[in-house]
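Before any comments, here is the structure.
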Amino acid sequence: MSKEPVAVVGIGQTKHVAARRDVSIAGLVREAAQRALEDAQLTWADIDAVVIGKAPDFFEGVMMPELYLADALGAVGKPMLRVHTAGSVGGSTALVAANLVAARVHGTVLTLAFEKQSESNAMWGLSLPIPFQQPLLAGAGGFFAPHVRAYMRRTGAPDTVGSLVAYKDRRNALKNPYAHLHEHDITLEKVQASPMLWDPIRYSETCPSSDGACAMVLTDRAGVARAPRPAAWMHGGAMRSEPTLFAGKDCVSPQAGKDCAADVYRQAGIADPRRDIDAVEMYVPFSWYEPMWLENLGFADEGEGWKLTESGVTELDGDLPVNMSGGVLSTNPIGASGMIRFAEAALQVRGQAGEHQVEGARRVLGHAYGGGSQFFSMWLVGSEPPAS
Amino acid sequence: MPEVLKAPLVLEFPFTRSLGPVQSAFLTGLRERVVLGVKTRDGRTLVPPVEYDPVTAEEIRDLVEVAPTGTVTTWAWNHEPRRGQPLDTPFAWVLVRLDGADTALLHALDAPGPDAVRTGMRVRVRWAGERTGAITDIACFEPYDGDESPRSTGHSGEFENMVTGIVAPARLDYVYSPGRAQTDYIHALSEQRTVGERCPSCRKVYVPPRGACPTCGVATAEHVEVGPRGTVTTFCIVNIKAKNLDIEVPYVYAHIALDGADLALHGRIGGIPYGQVRMGLRVEAVWSEGGRYPDHYRPTGEPDADYDAYKELL
Amino acid sequence: MHGAAAMREIAVVAFAQTDHRRTTDELSEVEMLMPVLHGVLEQTGLKTADIDFTCSGSSDYLAGRAFSFTLALDGVGAWPPISESHVEMDGAWALYEAWTKLLTGDADTALVYSYGKSSPGSVRDVLTRQLDPYYVAPLWPDSVALAALQAQALIDAGDTDEPALAAVAARSRTDASANSHAQVRGSVPQGEYVVRPLRTGDCPPIGDGAAAVILAAGDRARELCERPAWIRGIDHRIEAHGLGVRELTDSPSTRLAAEKAGAFEGPVDTAELHAPFTAQEVVLRKALRLGDDVRVNPSGGALAANPVMAAGLIRIGEAAARIHRGESDRALAHATSGPCLQQNLVAVLEGDPR
Chain C
1059 MSKEPVAVVG IGQTKHVAAR RDVSIAGLVR EAAQRALEDA QLTWADIDAV
1109 VIGKAPDFFE GVMMPELYLA DALGAVGKPM LRVHTAGSVG GSTALVAANL
1159 VAARVHGTVL TLAFEKQSES NAMWGLSLPI PFQQPLLAGA GGFFAPHVRA
1209 YMRRTGAPDT VGSLVAYKDR RNALKNPYAH LHEHDITLEK VQASPMLWDP
1259 IRYSETCPSS DGACAMVLTD RAGVARAPRP AAWMHGGAMR SEPTLFAGKD
1309 CVSPQAGKDC AADVYRQAGI ADPRRDIDAV EMYVPFSWYE PMWLENLGFA
1359 DEGEGWKLTE SGVTELDGDL PVNMSGGVLS TNPIGASGMI RFAEAALQVR
1409 GQAGEHQVEG ARRVLGHAYG GGSQFFSMWL VGSEPPAS
Chain A
917 MPEVLKAPLV LEFPFTRSLG PVQSAFLTGL RERVVLGVKT RDGRTLVPPV
967 EYDPVTAEEI RDLVEVAPTG TVTTWAWNHE PRRGQPLDTP FAWVLVRLDG
1017 ADTALLHALD APGPDAVRTG MRVRVRWAGE RTGAITDIAC FEPYDGDESP
1067 RSTGHSGEFE NMVTGIVAPA RLDYVYSPGR AQTDYIHALS EQRTVGERCP
1117 SCRKVYVPPR GACPTCGVAT AEHVEVGPRG TVTTFCIVNI KAKNLDIEVP
1167 YVYAHIALDG ADLALHGRIG GIPYGQVRMG LRVEAVWSEG GRYPDHYRPT
1217 GEPDADYDAY KELL
Chain G
2 MHGAAAMREI AVVAFAQTDH RRTTDELSEV EMLMPVLHGV LEQTGLKTAD
52 IDFTCSGSSD YLAGRAFSFT LALDGVGAWP PISESHVEMD GAWALYEAWT
102 KLLTGDADTA LVYSYGKSSP GSVRDVLTRQ LDPYYVAPLW PDSVALAALQ
152 AQALIDAGDT DEPALAAVAA RSRTDASANS HAQVRGSVPQ GEYVVRPLRT
202 GDCPPIGDGA AAVILAAGDR ARELCERPAW IRGIDHRIEA HGLGVRELTD
252 SPSTRLAAEK AGAFEGPVDT AELHAPFTAQ EVVLRKALRL GDDVRVNPSG
302 GALAANPVMA AGLIRIGEAA ARIHRGESDR ALAHATSGPC LQQNLVAVLE
352 GDPR
């Protein structure tokens, strides 16, 4: 028995900010969910199941928040799941929801990811004390900076490449009304003059801490037939994990990322990602991860990713736009960021991305990663139904 | 066999929680000694007022004032109050359906003993002396002799100086035990030895050891001492000082592949200007007095390691 | 189920659990979990490389460690990289996710595991963090208190009394004598009130443990297990969060999940119910319409061993194991999450005709 094709017919997100002080946690998720329903012209009653995802519960100090959120998300009397795969969770959540439709367990599923990390703060949440372990770092940047340095050494890339990514993503964000950072007077010089936080990563090349939520309505062919707006069809989706630390791990280009992409491309019939894919929303929390992921995802040969960035290929008007939405560098509610990538990919193929729309985008990749570069989830969406 | 290591782990934070309009009205109302509920479209009055109808999922905003008196719908006698609970002395947990409401509120009832409590008894709010706009503005309930006087009058939900958020401090205490492999590692560190474990299947030496080889999924047990010297495989210079870290910025955070280990561990580099730290630098541990781990790693003075020698260990 | 035509047959083909203990201070979570993973792999003769999908369930809050599940992955041997997911819920829901994956045909085998150490923290207080953060959590009503409110409601309704609850406790722990993994076995005094009307005996033991299950589809299941426990139906539902809004003497979500899973389409001989408190068994029996002819919790249930985050998965595993051994032909397994049975999962398992 073959799988049911899955499509996105509704997308909603909140305007991401440092702190939402006007809503409860329920209010925050509700806002994104309501927008997704409105986009799909559906009501709560049309939803068969709810799948939510977020990062560690400590960020909001609410354990298993699906229990408290059941009422707000119209889940009473329905199945409700909560996924947690560290930073990739927003992506994994969408894939779990998609599987429910693909397996024909449900016809229409609401999926949502969020973080209201201002209720505590992200630095505290990411650096909880562990007895007997020497505290060396606070926050995630210090963990990833050595990998960035290793990439720079391995490839000989000029050290300005990171700043080009930050400058691009922050400019793209100006065209995305939902993005957190809107730096209207940004210049490349300012980016490059920004202080080093974890050398070689600068403050300007680091993701912000945001409160936000993102939701999608996923459905089957029958649901698409009823939907008022064009659907984004799922052509492929996969998750891969590898251990956080192990002997021989390539921290710069993890095998799990390569395998995950290969699986998605195989499902979607992508032979040459650089040519066959029109745009990419990838999880870049620190600027150098753009060239690193370009290689990991097969858009550039090993050691060459930075050349795509440097030559402007990944600009919004380039040949392979990356992070048209402004990416994680401009918006980062940790639990939601993966889903935002997936949703932004879907917005593109539906022609709904407004000022940050890539003209004629028909196949777009959404990518998320988490942990110590160990959890990867990705999907490829298209404006047409999948071939098979 | 080393004794089991344990250490306290306290997770504590004063969570700042912003409120939606219905919650804001309810909690501000409590500060003003007014109890509000919310009406659903089918005419039920929910107390405490929730933001979304549990049956239809609609947003509900139609506020009403109910009485501060009500009826116990179920109870449970708590003879040993725990930290953070509403009263220090034995009390009954109760669900109370306030007069005018169709649903019940969870709180505490101050009563002399379990024999003084029964389902169906009448109770009333005892207000806290100092109220800030929180559920604890109701200090507890107390027995009350009066009849039911259902009151449910429309209320705008507006007060002066609306409360828009609460601070909800939460502390949980744990006792953390690191497990066998990490315990052995820590004991060796206290003897100024870095000891990893070798996987019986792939033969790689893991340091710090985790009790399991992550690629083979089998238990590791064979102790293998590594070091004392090693190579910096990659690093970064940390410029932001975090609150709980006792390290002066800037400092170098490095991956260090100790000789004999098959992956790098993480440590701080000292004894060299941070601008001179480089990949390939040869280092050795500097043990702190009575510390549980090396305080930092300093250069040994050997020539730098060849890139090829450590490029797999980044 | 929606659109179910010729749905793939999926079965539980292996189950393993730790000996559940009050504390496991000398073991890390992965050290505690690993033998159980090896157990199910050995039962089936599979290696990690033969597993198409892995899904686990655990809770960071239980042990006070964020991302603790990433360390547990070391016990799986995720190399080469694996297709893997995780829910911050009881392993029963991880099994549900794996079942869905197998239904798509993208996988033929799945490894499902879950673990929980209640010993490091104070689980009664940790669970208060599940409650409405504005109106309820600031009062710190612990898990026993909430269960006691439910128990009193049942007593008020005439559905049970203290002697009947004590009988549930005694029966469970007596049955647990035959279960070498259970933590509390044999005759145990009912004890003093913890939060009245619940006594020590009415409450689950606090302890640490882990469990794992292997799922397989169709012919693969038949290759791996002589008598697979086929999952004929599985469903889960959640109720409103507020205790004061719900009917505490009933479990409509359990009943609905059971209906959707096809539980009422035929008699069952066994039911493994995830009822950490005696009074909850009363509610679940009613919701699931279980008569006296059904063997309820022959393993001893959660009253004999309650490794939080694994106890629900264990119910499914125990029911499946009875089918594997030929001691059951059609069984129900139930798992719960949240205060006073807010969320419930029901699975219907069947063995091939003998």
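Protein chains in written order, with our numbering: chain C, 1059 to 1446; chain A, 917 to 1230; chain G, 2 to 355. Every residue gets a Cβ at the ideal spot worked out from N, C-alpha and C, and that includes glycine.
Beta-ladder partner(s) of residue i, from DSSP
i, result
"T1166(C)", "T1277(C)"
"R22(G)", "D209(G)"
Residue i at chain C interface by Cβ criterion, 9 Å
i, result
"D75(G)", "yes"
"E350(G)", "The question names Glu, but residue 350(G) in the sequence shown is Leu. Answer no: the Cβ-Cβ gap between L350(G) and chain C never drops below 9 Å."
"M1195(A)", "yes"
"A12(G)", "no"
"L1011(A)", "no"
"A5(G)", "Confidence is the limiting factor: at A5(G) the pLDDT is only 46, short of 50, which leaves the residue's position unreliable, though a coordinate-based value still follows. At least one chain C Cβ lies under 9 Å of A5(G)."
"D969(A)", "yes"
Residue-level contact to chain A via CB, residue i, 9 Å cutoff
i, result
"A1094(C)", "no"
"W1102(C)", "yes"
"R125(G)", "yes"
"K1073(C)", "no"
"V1452(C)", "Limits of chain C in this structure are 1059 at one end and 1446 at the other, which puts residue 1452(C) out of reach."
"D1278(C)", "no"
"M2(G)", "Its pLDDT being 44, under 50, M2(G) is placed unreliably by the model, and nothing is read from it."
"F1190(C)", "yes"
"K1307(C)", "yes"
Selected residue, minimal CA-CA separation from residue i, among the options
i, options, result
"Q939(A)", "E1046(A), R1109(A), L952(A) and V1134(A)", "L952(A)"
"A213(G)", "C56(G), E273(G) and L249(G)", "C56(G)"
"V1163(C)", "A108(G), E98(G), R200(G) and A312(G)", "E98(G)"
"S1345(C)", "L1184(C), F1172(C) and V1249(C)", "V1249(C)"
"D1053(A)", "W1043(A), G1062(A) and D1061(A)", "W1043(A)"
"D251(G)", "L96(G), T161(G) and V309(G)", "T161(G)"
"R933(A)", "R22(G), A138(G), A217(G) and D176(G)", "A138(G)"
"E1062(C)", "A1273(C), N1157(C), A1094(C) and P1204(C)", "N1157(C)"
Alpha-carbon to alpha-carbon, residue j and residue i
i, j, result
"P1187(C)", "S119(G)", "19 Å"
"D1217(C)", "E1348(C)", "14 Å"
"V1148(A)", "L1174(A)", "9 Å"
"M2(G)", "I1105(C)", "Any reading at M2(G) needs caution, since the residue's pLDDT is 44, under 50, leaving its predicted position unreliable; the model's value is listed next. Taking the straight line joining both Cα atoms gives about 15 Å."
"A1180(C)", "K1174(C)", "10 Å"
"D157(G)", "V1010(A)", "14 Å"
"R947(A)", "E1046(A)", "8 Å"
"G4(G)", "N307(G)", "Because G4(G) carries a pLDDT of 43, less than 50, the predicted location of this residue cannot be relied on, and the following value inherits that uncertainty. Using only the alpha carbons, I get a separation of about 37 Å."
"T1302(C)", "G1327(C)", "30 Å"
"M1078(A)", "P1266(C)", "30 Å"
"Y1090(A)", "E928(A)", "11 Å"
"C1152(A)", "V1147(C)", "27 Å"
"A280(G)", "A288(G)", "13 Å"
"G1183(A)", "M33(G)", "28 Å"
"W1256(C)", "V1167(C)", "41 Å"
Within-9 Å CB hit, residue i to chain G
i, result
"P1030(A)", "yes"
"R1298(C)", "yes"
"C1129(A)", "yes"
Next on the checklist: Taking contact to mean 3 or more Cβ pairs, one atom from each stretch, closer than 8 Å, check whether the segment 1138 to 1157 of chain A and the segment 1165 to 1181 of chain A are in contact.
Outcome noted: yes
Checklist entry - Three or more C-beta pairs closer than 8 Å, one from the segment 1367 to 1379 of chain C and one from the segment 1388 to 1399 of chain C: is that the case here? => result no
Checklist entry - If we count Cβ pairs, one from each stretch, closer than 8 Å, do we get three or more for the segment 78 to 95 of chain G versus the segment 1298 to 1317 of chain C? => result yes
Item to check | Contact the segment 104 to 119 of chain G vs the segment 129 to 142 of chain G: 3+ CB pairs below 8 Å | outcome: Result no; under three Cβ-Cβ pairs closer than 8 Å.
Checklist entry - Between the segment 1092 to 1108 of chain C and the segment 1263 to 1281 of chain C, do at least 3 Cβ pairs fall closer than 8 Å? => result yes
Next on the checklist: Does the contact criterion of 3 or more C-beta pairs under 8 Å hold for the segment 1197 to 1205 of chain C versus the segment 1353 to 1373 of chain C?
Outcome noted: no
Item to check | Stretch-stretch touch, CB-based, cutoff 8 Å, three pairs: the segment 1002 to 1019 of chain A with the segment 960 to 973 of chain A | outcome: yes
Next on the checklist: Could you check whether the segment 187 to 196 of chain G touches the segment 313 to 329 of chain G, counting it as contact only if at least three pairs of C-beta atoms, one from each stretch, sit closer than 8 Å?
Outcome noted: no
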